[in-house]
Structures are given as structure tokens and as C-alpha cells.
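S.K.: This is the structure I have questions about; it appears just below.
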Amino acid sequence: MRSAPRCLAKTRRGTECQCPAMRGKRRCRIHGGANPGAPKRNRNAWKHGLRSGEHQALRRLVRLLA
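Heads up: the sequence shown at position 47 corresponds to 46 in numbering that gives the first Met the number 0, and the numbers run straight through without jumps.
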């Protein structure tokens, strides 16, 4: 346990956190090491598709017919 890498976060007092870092991370569980983070690549950009090219073409067609 003592040889485990330490968390690199700073406490509010300005000292280094004494907790061990999570496996494969640089922070402890208290300072966000347990959080996997945002989705990788462009997966987090897709929301609902209302502004996709296909949907906009459909809206133009409906406007023309109405």
C-alpha cells in the first residue's frame, strides 16, 4: 500500500493528497479517479439528429408540400 503511486491532487490547504491513486489513473477516488470521463472520440457529439442532413432535407420537403 505504501508503494502505490499517490494522488496528484492538491488539498484546499495546498498540500498533496495522501490517498493512493486509482489503478491506471493519476487521481484517487475522492478526486475523480473513479470517474471514467467523457465518452471517447465523437460519440458525445451526437444528441438527437434533428439537425442532420437527412432530417433537414425531410423538413424542406414538408415545407414545399405544405
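All residues carry an ideal CB built from backbone N, CA and C; glycine is no exception.
(1) Quick check on Arg-5: does DSSP put it in helix, strand or coil?
(2) Taking the alpha helix (DSSP H) that Glu-53 falls in, what are its first and last residues?
(3) What is the DSSP secondary structure of Pro-35, counted as helix, strand or coil?
(4) Quick one: measure Cβ to Cβ for Cys-27 and Pro-19, integer angstroms, because I've assumed they're closer than 8 Å.
M.R.: On the basis of the coordinates in this document:
(1) strand
(2) DSSP places Glu-53 inside the alpha helix (DSSP H), whose first and last residues are 52-64.
(3) In this structure, Pro-35 counts as coil in the three-state DSSP scheme.
(4) 6 Å
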